[in-house]
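Written below as structure tokens is the structure these notes are about.
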Amino acid sequence: MPNSVLDASARFISAELWRGRKSGKITFHGGEPLMAGYEWFARSLDVLSEVTNRHAQFSIQSNLWLLDQRFVDLFAEYRVGISTSLDGGREICDSQRGAGYFDKTMAGIRLLRKNGLDVSAIATVLPEKVDKIQEIIAFFDADGLPFTLRGAEPSWEHGYVNYLPAPETERMHYAILDYMEHHPAPARIRDVEAVVRNAFSQCSGLCTFSNCLGQYAAISPEGDVYTCQRFCGMEEFRIGTVYDSAATLQNSEAYKRIAGKYESASQTCSPCRHFKYCNGGCVYSMFVAEKYGKPHPHCNDAEPSGRVYRNLFDHATQKLAAEAADVMLGADHPTPYLASAGDRLHPGDTARGRTRYAQALEWGMTGAPRHTFAKRRGADKLFLNITNNCPLHCTHCSVKASSGNTDMPLETALTILREAAVSGFNEVSLNGGEPFMYEKFSELVNEMFKIRDANMSFMLFTNLFLDFDDDLAQSLLQTFDRISISLDGGETKHDNRRGMGAFAKTCSNMKRLVEINRQLNKPCALSVRATLTRKQKECGVADEVIETAKMLGISAVNITNVLPIGRAKLLEEMTLSTPKRPENIARYFASFAPRDSCGLCSNPHITPEGDVYPCWAYLEEGNPLGNVRDGLKNVLYDFLWGNRKYEYCVDYSDKCQRCDVRYLCGGVCRAYKDSDCGELQAYYRSLKF
200 MPNSVLDASA
210 RFISAELWRG
220 RKSGKITFHG
230 GEPLMAGYEW
240 FARSLDVLSE
250 VTNRHAQFSI
260 QSNLWLLDQR
270 FVDLFAEYRV
280 GISTSLDGGR
290 EICDSQRGAG
300 YFDKTMAGIR
310 LLRKNGLDVS
320 AIATVLPEKV
330 DKIQEIIAFF
340 DADGLPFTLR
350 GAEPSWEHGY
360 VNYLPAPETE
370 RMHYAILDYM
380 EHHPAPARIR
390 DVEAVVRNAF
400 SQCSGLCTFS
410 NCLGQYAAIS
420 PEGDVYTCQR
430 FCGMEEFRIG
440 TVYDSAATLQ
450 NSEAYKRIAG
460 KYESASQTCS
470 PCRHFKYCNG
480 GCVYSMFVAE
490 KYGKPHPHCN
500 DAEPSGRVYR
510 NLFDHATQKL
520 AAEAADVMLG
530 ADHPTPYLAS
540 AGDRLHPGDT
550 ARGRTRYAQA
560 LEWGMTGAPR
570 HTFAKRRGAD
580 KLFLNITNNC
590 PLHCTHCSVK
600 ASSGNTDMPL
610 ETALTILREA
620 AVSGFNEVSL
630 NGGEPFMYEK
640 FSELVNEMFK
650 IRDANMSFML
660 FTNLFLDFDD
670 DLAQSLLQTF
680 DRISISLDGG
690 ETKHDNRRGM
700 GAFAKTCSNM
710 KRLVEINRQL
720 NKPCALSVRA
730 TLTRKQKECG
740 VADEVIETAK
750 MLGISAVNIT
760 NVLPIGRAKL
770 LEEMTLSTPK
780 RPENIARYFA
790 SFAPRDSCGL
800 CSNPHITPEG
810 DVYPCWAYLE
820 EGNPLGNVRD
830 GLKNVLYDFL
840 WGNRKYEYCV
850 DYSDKCQRCD
860 VRYLCGGVCR
870 AYKDSDCGEL
880 QAYYRSLKF
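Below, the structure is given as structure tokens:
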């Protein structure tokens, strides 16, 4: 793909595909994409990151033969997901792809793992390999390599040669399902699990069972546009070029032809109870069948053996119903189908989590591979402190808010909001002080509503103490995706901290806001936030907050810690809290991922004066990263995406760099920089048992 076509593709993606989307995925495909060369990838990743405001999820499908350290570093920088093609062990893989393929691809996998990057595989099953399904799965299971199994499909060019016929396809799927049922920690096999999830949720997932139009686009090296990468190079399915508008593409004869095929499938398959989440299967396969005068290879009524999808969905539905009945009757045995559907904990997730936990402990002694945490670095949430003014004088305030402070200029706040969207932030959180004290609060909210962007959400933190009218309430609820309201216990405890009458006023305003929110078509997500000391948690104050929120009609409650900064330093009890031991250790491990930071590389904080800090725990040090007058992106670039981000990980912390559990906790909050971590270390070490 020449640079001119790449640039046109970037403009096309920005103007026609990305518009109105919060996120999306861009996959580099081929042929063998790495043959485009390092320079092409370095340029394309930079260009595509810019036009998608760093919200794109990049991935690549490659045999990895040309992978070297430069590519690894580049892919880590842009957080590129990596998948390869590997059909099983050496003998099986080389028999399908040529002698030496397995060793060359495994060399690339080893290089990625050495650098701490994840990789997955797609395995293609030929007709003569169906009897080796158990062997193929066992290879991936033993290696710990996530994978997907796919049968060889009929080809537009070569027709029904060396593809997996319906009986073998069905046999392959049942062999996979049998393995899934009888192994305590099976691999997660995406295509087969999609069948189970679809049957469970009654909605479509995975492109095989989706109406692809409008969800996918494929761009050829020449700049031609198709609805799916399988159609690339086939002139009769070219819907236009990257120089066309989306409306032009949708009016093309090829697009209408594909839409017509889906309509035909709807008429043919609509009597089937699975159609709403199957959609007749892959549309490419439908066209290949039409070209060669064959019935659909995996879903047709021409012969019983052709009803592969229907049979599989029937089987999954029956198994799910049986397991659900067993659960209702209190039976205590594995539920592999419900686990695959996401309704129960998957044993494979727990097994992998334990492996990651043990690995993180080992890294604590040796150091983590270079790019282990690359995917978790980058922009996330921006805290915008528009004022330090507040009508209350809370004893736990981290910014010493009070009256008589200066507001951030309105134009500065709006400039930051606009720049945040193009700097890759997923969310901007408006906070203070108390945002309602901001002199131009109504005007700011109205302007925020105008610049709402699908790529970024807005959140508001408030004590909800001040009065507001219905117009402002509706504006808030329509502008902000989430509003978090502070409540610190029952009336006595809340008023002791915030002042007499604060509890009654906040609860009254909260009740009113909940009622107005109910009347809106798209209500805002309301939640309560309690900032509690360790002693308060132990004394059941959190339960008081939960009960009060419930009575007021709010179910979401977030319990956070009081930090030893601002006025909170005066509190007597300010020790580092130790998490409770998980009640369900299996579920804990299933969600575990190693960490090298408490979040400093993703949540910067901006003061009313425009100073930018890594976090509000750094405010009192008076050493900002810079000021927004120099441009938000300029101030944050090195911190979020450049070399400075590494300064804030545990390996650069004097307190953490020699601790063997540093990749388990990610380092304690920097506000507790002088605290004793002994109890926390003992907690994490105990969980490995």
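FYI, the numbering for the sequence shown is 200 to 888, going by my numbering. Even for Gly, the Cβ is constructed at its ideal location relative to N, Cα and C. Every value quoted in this text rests on a predicted model; they were computed, and no experiment measured them.
| Item | Value |
| --- | --- |
| Is the beta carbon of Y483 less than 9 Å from the beta carbon of F430? | yes |
| Less than 7 Å between C-beta atoms, sequence neighbours within five positions excluded: which residues of the same chain meet that for R555? | F791, A792, P793 |
| Determine the direct distance from the alpha carbon of S707 to that of A701, and round the result to whole angstroms. | 10 Å |
| Rounding to the nearest angstrom, what Cα-Cα distance links N450 and P353 in this structure? | 28 Å |
| Are there 16 or more other CB atoms within 10 angstroms of the CB of R506, so buried, or fewer, so exposed? | buried |
| What does a CB cutoff of less than 7 Å around Y277 pick up in its chain, not counting 5 residues either side in sequence? | L244, S248, F257 |
| For K768, which of helix, strand or coil comes out of DSSP? | helix |
| Please classify I438: does DSSP put it in a helix, a strand, or coil? | coil |
| Classify Y378 as helix, strand or coil using the three-state DSSP reduction. | helix |
| Using the C-alpha atoms, what's the distance from A523 back to G529? | 10 Å |
| I'd like the ranges of any alpha helix (DSSP H) spanning at least 4 consecutive residues and lying wholly in the stretch 569-647. | 609-621 |
| Consult DSSP for N826 and reduce its assignment to one of helix, strand or coil. | strand |
| Could you give the distance in angstroms between the alpha-carbon of G223 and the alpha-carbon of A255? | 5 Å |
| Leaving aside the five residues before and after N499 along the sequence, list all residues of the same chain whose C-beta is less than 6 Å from its C-beta, in chain order. | G505 |
| Per DSSP, T226 forms a beta bridge with which residues? | S258 |
| Could you spell out where the beta strand (DSSP E) holding T283 opens and where it closes? | 280-284 |
| So which of V644, E610, P722, C738 has the shortest CA-CA distance to I753? | P722 |
| Can you say whether D742 is buried or exposed, counting buried as having 16 or more other CB atoms within 10 angstroms of its CB? | exposed |
| Closest by CA to A445, which one among F436, R456, A416, S465? | A416 |
| What does the Cβ neighbour count give for C402, buried or exposed, with the cut at 16 atoms within 10 Å? | exposed |
| Can you give me the C-alpha to C-alpha distance between R617 and E610, rounded to a whole angstrom? | 11 Å |
| G563 and V860 - do their beta-carbons sit closer together than 9 Å? | yes |
| Apply the 10 Å Cβ neighbour rule to M699 and answer buried if 16 or more other Cβ atoms are within range, or exposed otherwise. | exposed |
| Within its chain, find whatever has a CB closer than 6 Å to the CB of A374; leave out the 5 residues flanking it on each side and keep chain order. | I332 |
| In the DSSP assignment, what residue or residues form a beta bridge with H357? | DSSP lists no partner for H357. |
| State yes or no: is the C-beta of A620 within less than 9 Å of the C-beta of N654? | yes |
| Could you check what DSSP says for A792 in three-state terms: helix, strand or coil? | coil |
| Taking one C-beta from the stretch 307-322 and one from the stretch 355-372 each time, how about it: are there three or more such pairs within less than 8 Å? | no |
| May I ask you to report which of helix, strand or coil DSSP gives T323? | strand |
| Take P383 as the anchor and find which of P533, Y362, A729, P781 has the nearest alpha-carbon. | P533 |
| Give the single residue among D272, W264, Q268 whose Cα lies nearest to the Cα of S284. | W264 |
| With DSSP as the reference, label H693 as helix, strand or coil. | helix |
| Taking all protein chains shown into account, decide if I684 is buried (16 or more other Cβ within 10 angstroms of its Cβ) or exposed. | buried |
| Roughly how many whole angstroms lie between the Cα atoms of Q268 and P568? | 13 Å |
| When you compare the CB positions of K580 and N625, do they come within less than 9 Å of one another, or not? | yes |
| To the nearest angstrom, report how far apart R456 and T440 are at their CA atoms. | 17 Å |
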